[in-house]
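A.B. asks: One structure, as structure tokens, below. Some questions next.
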Amino acid sequence: MLENVFTTIFAVSITTGIVILALVLLSSRLNRSFAAKWKYWVWLLLAVRLLIPFYFTFPGAPVQVSVPDTAISPVFSPRAPAIPDVTPAASDLPVQSAARFMNLWELFSIIWLAGVVLFLVVQFAGYRRCRHEALRWSRAVKDKRLSAALDQLCAEMDTGEKITLLISQKVSGPMIIGFFKGYLLLPHENYEDNELVHILRHELVHLKRRDIWYKLLILFTTALHWFNPAVHLMLREANKDLELACDDESIKNLPFDARKEYSDTIIHCMRKRHSKRTALSTYFYGGEQAMRERFVNILSHQKKRAGKVAGAVVLLGVLLMGGMVACDTLNTPQIDLADYDLLYEQYLHLPFWSSITSETWDDANDIPPDYFVNYYAYYWYDNHYQGGPLNFPPKELESYIQEYFDVSAEHIRTADQYDGEEDVYICLGLGGGGSAKVVGAEQNGKRLILDYEVYSPEDNATVLRIGKLTAEMSGNGYKYVANETQDTEAMRAFYVEAKPDLNDLENLTQRYLYPILFSWATQLSWTDPQQIDADRLVDMYGYDRVWNANIPESAMVFENDTPYYYVSADILEAHIADYFDVSADHLRTAGQYDLEKNEYAFNMSGGGFAYDPHVLRAEYDDATMLLTLYIDDGYPGGESKEEVSMLIIQLYENGGFTYVGNIYSGGD
Amino acid sequence: MEEKITRLYDSELDIMLIVWDAGQPVSSTYILERLKGKRRWALATLMTVLSRLCAKGYLACEKQGRYNLYHAVLAEDKYKAFEGKSVLEKLYGNSFQKLVASLYNGKAINEDDLSGLQEFLDNLKKEG
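Residue numbers (our numbering), protein chains in the order written: chain A, 251 to 918; chain B, 586 to 713.
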């Protein structure tokens with residue numbers, strides 16, 4: 251977060267800094283033909299621009315500034331070769347380790363922030379102290395002439411604001427201080443009448459134009475950009491132009507003699523002050539030159555163009571320039587497109603392991619939410635893991651994900667791993683197989699496009715999937731914006747090979763027979779699962795997940811001393827749908843279904859099962875597998891195997907299957 | 586006034602500044618009047634502060650007819666030297682200048698340059 255603010259500020263600082271330098275270089279030339287006023291506004295505009303941490307540039311900006319790119323890639327710690335399954339306890343939140351990864355930009359941004367704070371503290375502490383000192387040593391004016399002159403000028407100039415006139419020995423010259431309650435401070439009150447008018451008018455012009463606020467804004471801008479000399483230059487120039495503009499306004503329409511008098515007043519005030527001061531005072535360099543410019547401006551007050559049109563033209567130019575100077579590094583970071591290993595580490599590793607590259611998408615909200623949780627879990631595992639469960643506070647996980655994906659927190663929270671009650675993400679384990687490599691990389695403006703291959707976990711060489719992952723660079727970060735992937739021929743073959751070994755009857759029995767066994771559906775003939783009694787299908791879930799699952803008594807509901815266990819309709823129906831293409835409506839005709847609760851009830855005192863067929867042989871044709879089933883004829887030592895039925899199973903490429911029919915030939 | 590000088594409160598300094606500026610013994614009414622542009626005090630408040638200043642020995646009170654007249658015992662220069670200019674103030678002078686609207690920058694120019702500047706200004710006149 252801080253880093254992003256800083257990199258944006260930095261980019262804005264560099265581009266605007268160039269505009270400032272150009273303007274300062276042209277300054278003396280521009281001063282000849284235009285009133286100082288327009289530059290006063292240009293500085294204000296630039297200051298406002300510097301304060302907005304939003305970086306824009308025209309595409310293909312002609313001026314490119316290269317900033318040395320200082321290894322801004324996050325440092326990944328070497329990964330553990332094997333990733334264990336971690337079983338967490340929900341209440342046991344891990345202590346987030348302090349081993350956060352640090353990069354140079356992060357360090358710079360901390361230094362920057364410290365600098366800003368220091369700058370502001372010094373400036374405002376100094377201001378408050380001096381203000382207090384000046385007011386402490388002040389007294390009301392004695393000479394009624396002064397207050398009368400002030401009142402008259404206030405009315406004349408329509409300043410509106412009320413200002414208190416005080417005499418303070420502690421000020422070096424006439425000045426206005428105070429943001430909300432204004433004070434006009436004079437070092438003494440022995441002024442000639444004409445001097446007094448010049449001085450007061452000058453100060454009231456400051457007041458009317460709210461120059462103190464202007465100065466505050468410029469100073470605040472300098473605080474944010476303290477590292478940029480150009481901005482300090484702007485501070486100096488802006489204060490100078492502010493004085494020139496104030497002079498212009500003060501002597502507007504005055505004849506030459508009056509303007510000379512005005513200049514003499516300024517120099518007289520300075521001289522008078524000096525006679526009282528000790529030699530210890532320090533003076534800043536270039537002060538005399540600035541004063542000379544000021545006097546030239548006052549006396550050579552020929553009709554300068556107010557510069558409304560010219561000002562507008564220059565403003566436009568300034569804006570255009572700001573947009574045309576692109577900051578190279580921040581815009582398009584230098585990425586070594588040849589170092590595939592580094593590219594993998596930085597850009598592909600996490601998306602690959604978290605399965606985010608397993609789908610084609612161009613909107614991160616289309617990615618299954620579980621993958622994001624995995625993404626963070628792998629990141630955290632790689633960088634911070636020190637044992638303990640992988641539980642994550644939602645804010646932390648979501649804000650990390652949102653650094654890399656434009657995805658809503660709501661979407662991530664639909665993940666199975668999100669526990670809404672505890673408000674925590676619980677990652678039950680990490681695992682996975684295969685490997686991936688970057689095989690090509692190109693950069694298209696801000697976009698980095700990586701070609702990658704995914705290899706079989708068996709040999710880590712056979713390409714199962716290929717894809718293109720696109721990330722978009724911004725500041726020093728990046729976001730994944732799209733992924734395209736497709737299976738290779740080898741992957742399709744891999745699926746086919748994944749078909750069961752027809753000779754391994756034990757495996758076939760366990761994998762394909764046991765799930766359906768408990769539905770009793772192998773003991774009748776059917777070609778559409780809707781023909782199977784719903785009660786039996788529901789019982790299949792009972793055998794699989796309820797009766798053998800050691801469910802504690804506390805989870806049961808007793809009705810007339812009979813214990814029942816209730817299962818939500820969604821869960822049960824989804825489970826059955828994994829095996830049968832059967833509608834929920836059909837399942838709900840089952841006796842176990844409780845319409846009021848929308849749950850299925852299992853009688854926990856029931857159970858028991860005796861029918862025990864085995865697979866005699868298996869064969870398949872394309873994606874359909876036929877299992878011939880038998881039961882022992884019951885005679886001890888007998889070898890007769892009674893064929894009882896043919897079970898028809900539809901196989902899918904991903905390894906899944908459904909039961910599509912059964913032909914029963916056994917006895918009743 | 587050989588006693589140790591202590592730092593004056595803001596309210597006390599306000600009164601001392603008026604007494605010093607007057608250059609002669611003044612009445613409490615005079616002080617109250619002169620304070621008006623900065624503070625609006627009731628006479629009772631003023632009398633409290635005045636008596637405190639007298640007790641500290643910074644002011645002396647003399648009865649003249651119906652009035653009490655006050656004059657400074659503590660000299661202005663002496664007190665100024667005591668308060669002096671803190672290091673901080675020197676350090677902070679520049680930041681102050683950045684947030685006030687002044688006729689000129691108090692630190693703009695030194696004595697030598699000032700004469701040069703006057704000359705420059707006068708020449709401008711001739712050319713103008």
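Every residue gets a Cβ at the ideal spot worked out from N, C-alpha and C, and that includes glycine. Here the structure is a predicted model, which is why all the values come from computation and not from measurement.
Within 8 Å, do at least three Cβ pairs link the stretch 481 to 488 of chain A to the stretch 499 to 506 of chain A?
C.D. replies: Not touching, per the Cβ criterion.
A.B. asks: Is the CB-CB distance between A/L700 and A/L593 below 8 Å?
C.D. replies: The answer is yes: Cβ separation under 8 Å.
A.B. asks: Going by the CB atoms, is the gap between A/L370 and A/A473 shorter than 8 Å?
C.D. replies: Yes, Cβ-Cβ distance for A/A473 and A/L370 is below 8 Å.
A.B. asks: How about B/S613 and B/M632: are their beta carbons less than 8 Å apart?
C.D. replies: Cβ distance < 8 Å, so B/S613 and B/M632 count as in contact.
A.B. asks: DSSP state of A/Y902, grouped into three classes?
C.D. replies: A/Y902 falls in the coil class under three-state DSSP.
A.B. asks: Taking 8 Å as the CB-CB limit, is B/V658 close to chain A?
C.D. replies: No, no contact with chain A.
A.B. asks: Exposed or buried, which one is A/L580 when buried takes at least 16 other CB atoms within 10 Å?
C.D. replies: Note that A/L580 scores a pLDDT of 47, beneath 50, so its modelled location is shaky; the value from the coordinates is reported in the next line. A/L580 is buried by the Cβ-count criterion.
A.B. asks: Can you find a CB in chain B that lies within less than 8 Å of the CB of A/S461?
C.D. replies: First, the residue type needs correcting, since residue 461 of chain A is Asp and not Ser in the sequence shown. For A/D461, the answer is yes, since a Cβ of chain B falls inside 8 Å of its Cβ.
A.B. asks: Quick one: list the residues of chain B neighbouring A/S278, beta-carbon separation under 8 Å, in chain order.
C.D. replies: Those do not exist, as A/S278 stays about 17 Å from chain B at its closest Cβ, beyond 8 Å.
A.B. asks: Could you tell me the alpha carbon to alpha carbon distance between A/V292 and A/G432, rounded to whole angstroms?
C.D. replies: C-alpha separation (whole angstroms): 26 Å.
A.B. asks: Does A/G1000 come out as helix, strand or coil in the three-state DSSP assignment?
C.D. replies: This structure leaves residue 1000 of chain A out entirely; chain A is present only between 251 and 918.
A.B. asks: Look up B/V658 in the DSSP assignment and say whether it is helix, strand or coil.
C.D. replies: Coil.
A.B. asks: Considering just the uninterrupted stretch of the beta strand (DSSP E) at B/K648, what are its terminal residues?
C.D. replies: B/K648 -> beta strand (DSSP E) spans 644 to 649.
A.B. asks: With a Cβ-Cβ cutoff of 8 Å, do A/P765 and A/N757 count as a contact?
C.D. replies: Result no, Cβ atoms of A/P765 and A/N757 do not sit closer than 8 Å.
A.B. asks: Would you call the CB atoms of A/I302 and A/V481 closer than 8 Å?
C.D. replies: Contact: no.
A.B. asks: What would DSSP say about B/K683, mapped onto helix, strand or coil?
C.D. replies: B/K683: coil per DSSP, three-state reduction.
A.B. asks: Please check if any C-beta of chain B sits within less than 8 Å of the C-beta of A/P424.
C.D. replies: Answer yes: the Cβ-Cβ gap between A/P424 and chain B drops below 8 Å somewhere.
A.B. asks: Which of the three DSSP states is assigned to A/G267 in this structure?
C.D. replies: Note: A/G267 maps to helix in three-state DSSP.
A.B. asks: For A/N800, count neighbouring Cβ atoms within 10 angstroms of its own Cβ and tell me buried if that reaches 16, exposed if not.
C.D. replies: Flag for A/N800 reads exposed.
A.B. asks: Alpha carbon to alpha carbon, how far is B/D698 from A/E538? Give it in angstroms, no decimals.
C.D. replies: Distance between the alpha carbons of A/E538 and B/D698: 7 Å.
A.B. asks: Counting only beta-carbon separations shorter than 8 Å, does A/V391 have a partner in chain B?
C.D. replies: Interface residue, yes.
A.B. asks: How would you label A/G906, buried or exposed, when you count the other beta carbons within 10 angstroms and need 16 or more for buried?
C.D. replies: Classification for A/G906: exposed.
A.B. asks: Could you have a look at A/M425 and say whether DSSP puts it in helix, strand or coil?
C.D. replies: Three-state result, A/M425: strand.
A.B. asks: According to DSSP, is A/M875 helix, strand or coil?
C.D. replies: A/M875 falls in the strand class under three-state DSSP.
A.B. asks: Would you mind reading off the limits of the beta strand (DSSP E) that contains A/Y914?
C.D. replies: That run of the beta strand (DSSP E) goes 907 to 914.
A.B. asks: Check the Cβ-Cβ distances between B/S687 and every residue of chain A, and say whether any is below 8 Å.
C.D. replies: At least one chain A Cβ lies under 8 Å of B/S687.
A.B. asks: Kindly indicate which residue of A/K287, A/V623, A/T266, A/S895 has the alpha-carbon position closest to the one of A/P479.
C.D. replies: Closest option to A/P479, Cα to Cα, is A/T266.
A.B. asks: Please list the partners that A/K465 has in chain B, where partner means a Cβ-to-Cβ separation under 9 Å.
C.D. replies: Those within 9 Å of A/K465 in chain B are K683, L684, V685, A686.
A.B. asks: Considering only DSSP beta bridges, list what A/F655 is partnered with.
C.D. replies: DSSP lists A/Y730 as partners of A/F655.
A.B. asks: Check the C-beta distance from A/N710 over to A/S658 and give it rounded, since I have them as a contact under 8 Å.
C.D. replies: Not confirmed; about 36 Å, so no contact.
A.B. asks: Please report how far the alpha carbon of A/A495 lies from the alpha carbon of B/K663, in whole angstroms.
C.D. replies: In a straight line, the C-alpha of A/A495 is about 42 Å away from that of B/K663.
A.B. asks: Do you know offhand how far A/H452's Cα is from A/D497's?
C.D. replies: Computed Cα separation, rounded: 7 Å.
A.B. asks: Who are the neighbours of A/C519 on chain B, taking C-beta pairs under 9 Å?
C.D. replies: Those within 9 Å of A/C519 in chain B are L688, Y689.
A.B. asks: For A/S855, which option in A/M875, A/K420, A/E803, A/S604 has the closest C-alpha, if you only look at C-alpha atoms?
C.D. replies: Nearest option by C-alpha distance: A/E803.
A.B. asks: Could you tell me whether the Cβ of B/F667 comes closer than 8 Å to any Cβ of chain A?
C.D. replies: It does not: the Cβ of B/F667 has no partner Cβ on chain A nearer than 8 Å.
A.B. asks: Given that a residue counts as buried once 16 or more other Cβ atoms are within 10 Å of its Cβ, and exposed if not, what is A/E406?
C.D. replies: A/E406 comes out exposed.
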